[in-house]
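**Q**
Chains as they are written, first to last, in the numbering used here: chain F, 6 to 289; chain B, 5 to 327.
#1: Give the list of continuous alpha helix (DSSP H) stretches no shorter than 4 residues that lie fully inside the region 181 to 226 of chain B.
#2: Using DSSP's beta-bridge definition, name the partner residues of residue 79(B).
#3: Going straight from the alpha carbon of residue 252(B) to that of residue 159(B), what length do you get?
#4: Residues of the region 205 to 238 of chain F with a CB closer than 8 angstroms to any CB of chain B: list them in chain order, please.
#5: Comparing alpha-carbon positions, which option in 139(B), 63(B) and 224(B) lies nearest residue 136(F)?
#6: Among residues of its own chain, excluding the 5 on either side of residue 101(F), which ones have a beta-carbon nearer than 7 angstroms to its beta-carbon?
#7: Do you know how far the Cα of residue 197(B) is from the Cα of residue 47(B)?
#8: Measure the beta-carbon distance from residue 240(F) to residue 282(B) and round it to whole angstroms, keeping in mind my assumption that it falls under 8 angstroms.
#9: Any beta carbon of chain B sitting closer than 7 angstroms to that of residue 49(F)?
#10: What is the DSSP secondary structure of residue 74(F), reduced to helix, strand or coil?
#11: Can you list the residues of chain B that residue 104(F) reaches, using a CB-CB cut of under 9 angstroms?
#12: Closer than 8 angstroms by beta-carbon distance: list the chain F residues that pair up with residue 151(B), in chain order.
#13: Can you find a CB in chain F that lies within less than 7 angstroms of the CB of residue 272(B)?
#14: Provide the residue span of the alpha helix (DSSP H) that contains residue 153(F), from first to last.
#15: So, for residue 218(B): in the same chain, excluding its five sequence neighbours on each side, which residues have a beta-carbon less than 6 angstroms away from its beta-carbon?
#16: Of all Cβ atoms in chain F, is any one closer than 7 angstroms to the Cβ of residue 239(B)?
#17: Indicate whether at least one CB of chain B lies closer than 7 angstroms to the CB of residue 144(F).
#18: Can you give me the C-alpha to C-alpha distance between residue 199(F) and residue 182(F), rounded to a whole angstrom?
#19: When we look at the beta-carbon of residue 313(B) and count the other beta-carbons within 10 Å, is it buried (16 or more) or exposed?
#20: If we define contact as Cβ-Cβ less than 7 angstroms, is residue 11(F) a contact residue for chain B?
#21: From the DSSP output, in three-state form, read off residue 56(F) for me.
#22: Measuring straight from C-alpha to C-alpha, what distance separates residue 276(B) and residue 263(B)?
#23: Please list, in chain order, the chain B residues whose beta carbon lies closer than 8 angstroms to that of residue 34(F).
#24: Look at the alpha carbon of residue 174(B) and the alpha carbon of residue 151(B), and state the distance between them as a whole number of angstroms.
#25: Any beta-carbon of chain F closer than 7 angstroms to the one on residue 266(B)?
#26: Go through its chain and collect everything with a Cβ distance to residue 196(F)'s Cβ below 7 angstroms, but skip five positions before and after it.
#27: Kindly indicate which three-state DSSP category residue 37(F) falls into: helix, strand or coil?
#28: My understanding is that residue 290(F) touches residue 206(B), with C-beta atoms under 8 angstroms, so please give their C-beta distance in whole angstroms.
#29: Please go through the same chain and pick out, in chain order, the residues whose beta-carbon is closer than 6 angstroms to the beta-carbon of residue 162(B), but skip the five residues on each side of it.
#30: Examine chain B for any beta-carbon lying closer than 7 angstroms to the beta-carbon of residue 24(F), and answer yes or no.
#31: With residue 115(F) as the anchor, note down where its alpha helix (DSSP H) starts and where it stops.
#32: Hey, how far is the Cα of residue 61(F) from the Cα of residue 153(B)?
#33: Give a yes or no on whether the minimum CB-CB distance between residue 234(B) and chain F is below 7 angstroms.
#34: Report the rounded CA-to-CA distance for residue 82(F) versus residue 71(F), giving the unit in angstroms.
#35: Using a Cβ-Cβ distance under 7 angstroms, would residue 159(B) count as near chain F?
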């Protein structure tokens, strides 16, 4: 990490650019929030109200109350999303940790080929896999189950998880393990008792990344799931839109609730997340 | 390891021998057998969910598949799917759309991301908060983002149309998503909104590895800020820029959610790109054979890009970590 340049001569163009960027990035989300606290009637006024005269939490109350029809549906979608994302994260990290460690530490034939096949996965379009996976899921009787999503997300998250974790393992000095080996640890013990605790930040970063990716995933959920009680939030949101087409405040409230977990997770753990994104491309 | 010594260049001749120049391949695999245990779970999952589907897609692309998807009834048609596809008029239109969408999305995301990274590379109060706010579009769900923008673009009640009308830029209602000429640019704006934070964070990470001494040396030698940027910062960022551009290019080529939710490829196919078209053929018209042929073409394009991607990645790897 180098010392950053001091701010100082901020040119006018710099300021204009900054303001433009901020408006571009933030206003759509602000508008989502504003619309979500309007009544349905107020939302379709022309010209629109920029500050709601009668803000109401009615949409949120409806979406989050288990007794109302929409609320029951919405909470079910949310639960499905939590369930699928959590399982994906747990299995994903469980599989990625040993693989990343092996890629970082061991020299075995095929190591490079394997590693690049792992990276290469990043390049393949989801839709290429959609049809064969759909047919395979039918063979295994997994269509319309959450297992189909967990397996798919797990696999598609793996290359990045392994790549990211390997970066963390590369930064842990081998000498620590060697010392442990000398003190009588087996190789697995050295891995489990020395390396694992040290790589906790890496594991957290990987876990958040898997969770957010699974939470937001749309196209596989759209294809593999068909019954209403199985849908995850992104697909459920679409179902909402077709059923309650004119209820924009409701849709915006649902979008907002859906965004809250990932945005909170991201803001709290921003440091790790940024590292997750840039690790690998920018090795210092 | 003494117990796994093999001999000679032929990997399969595991004769026990006295001298040990270099163990054979099989011997080295055997020696590393416990190492493979660590990657076995990853390997098995990836083979099942990635390698087999690729193979299966290629196979399907030579068949006409029944709508029931009972694969025992499929009919071998040779290259017909490819020929029909490449000859069809829609393929050309969709290819042009894909090109426009991918190139412009990538271009604007990188330009905006670069600018944002330069701003964030200075120290000022609220820098961390600003970075957080700018990154939010990247983390929220593309589905939610698509609906928000659809609402903003709404031709009757959309906030964008209303603002532009009041400021006098437009005379009538703003019609973006139903207009053949404007729909693709409108979608690109949404996509850039979602993606520029990624470019920003990558380039920012790259900027922070530019050694301060080099910049100071350039300053002492009398280089203007512009020259410092061109001759010190930019060469340093080359690797990061290439990887960012490649990753975004691929992501855009494969982007499904925004066009699918916002327009579904319409109006009149004006915002149809390869991915949405493949999905439509496969799961709308249930023609897996043609869609597979389409996928294979896309796949070949990806492999070519992937080659450059790996090359760019490994170039950095060799240079920085000689051990």
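Positions of the beta carbon are idealized from the N, C-alpha and C atoms, including for glycine.
**A** In brief:
#1: If we require 4 residues or more, the alpha helix (DSSP H) runs fully inside the region 181 to 226 of chain B come out as 187 to 211 and 216 to 224.
#2: DSSP lists 68(B) as the bridge partner or partners of residue 79(B).
#3: The straight-line gap from Cα to Cα measures roughly 30 angstroms.
#4: Against chain B - using a Cβ distance shorter than 8 angstroms - the residues of the region 205 to 238 of chain F are 217, 220, 221, 223, 224, 228 and 238.
#5: Closest option to residue 136(F), Cα to Cα, is 63(B).
#6: Excluding sequence positions up to five before and after residue 101(F), its CB lies within less than 7 angstroms of the CB of 163, 166, 167, 170 and 211, all in the same chain and listed in chain order.
#7: Distance between the alpha carbons of residue 47(B) and residue 197(B) is about 36 angstroms.
#8: In this structure, residue 240(F) and residue 282(B) do not form a Cβ contact; the two beta carbons are roughly 19 angstroms apart against a cut-off of 8 angstroms.
#9: Cβ-Cβ to chain B under 7 angstroms: yes for residue 49(F).
#10: The answer is helix: DSSP assigns residue 74(F) an H, G or I state.
#11: Chain-ordered, the chain B residues with CB closer than 9 angstroms to the CB of residue 104(F) read 42, 43, 44, 45, 46 and 47.
#12: Identification of chain F residues near residue 151(B) by a Cβ-Cβ cut-off of 8 angstroms yields 242, 246, 256, 257 and 260, ordered along the chain.
#13: No, its Cβ sits nowhere closer than 7 angstroms to a Cβ of chain F.
#14: Counted as a single uninterrupted DSSP element, the alpha helix (DSSP H) harbouring residue 153(F) occupies residues 151 to 175.
#15: So the list reads 236, once near-sequence residues are dropped.
#16: No, no contact with chain F.
#17: Output row for residue 144(F): interface = no.
#18: Approximately 7 angstroms, taken between the alpha carbons.
#19: Sixteen is the threshold: when 16 or more other Cβ atoms of the shown chains lie within 10 Å of the Cβ of residue 313(B), as they do, the residue is buried.
#20: With a pLDDT of only 44 at residue 11(F), under the threshold of 50, the placement of this residue in the model should not be trusted; the figure read from the coordinates follows. It does: the Cβ of residue 11(F) has a partner Cβ on chain B nearer than 7 angstroms.
#21: Here residue 56(F) sits in coil by DSSP.
#22: Residue 276(B) and residue 263(B) have their C-alpha atoms roughly 7 angstroms apart.
#23: Chain order gives the chain B residues near residue 34(F) as 140, 141, 144 and 152, where near means a beta carbon separation below 8 angstroms.
#24: Spanning the two alpha carbons is a distance of roughly 24 angstroms.
#25: For residue 266(B), the answer is no, since every Cβ of chain F falls outside 7 angstroms of its Cβ.
#26: Contacts found: 106.
#27: The three-state secondary structure of residue 37(F), taken from DSSP, is helix.
#28: As displayed, chain F neither begins before 6 nor continues past 289, which places residue 290(F) out of reach and without an answer.
#29: These residues qualify, in order along the chain: 156.
#30: No Cβ of chain B is located within less than 7 angstroms of the beta carbon of residue 24(F).
#31: Taken as a continuous stretch (DSSP letters only), residue 115(F) belongs to no alpha helix (DSSP H), as it is neither H nor E.
#32: Approximately 22 angstroms between the Cα atoms of the pair.
#33: No, no contact with chain F.
#34: Residue 82(F) and residue 71(F) have their C-alpha atoms roughly 12 angstroms apart.
#35: Contact with chain F is absent for residue 159(B), since none of that chain's Cβ atoms lies less than 7 angstroms from the residue's Cβ.
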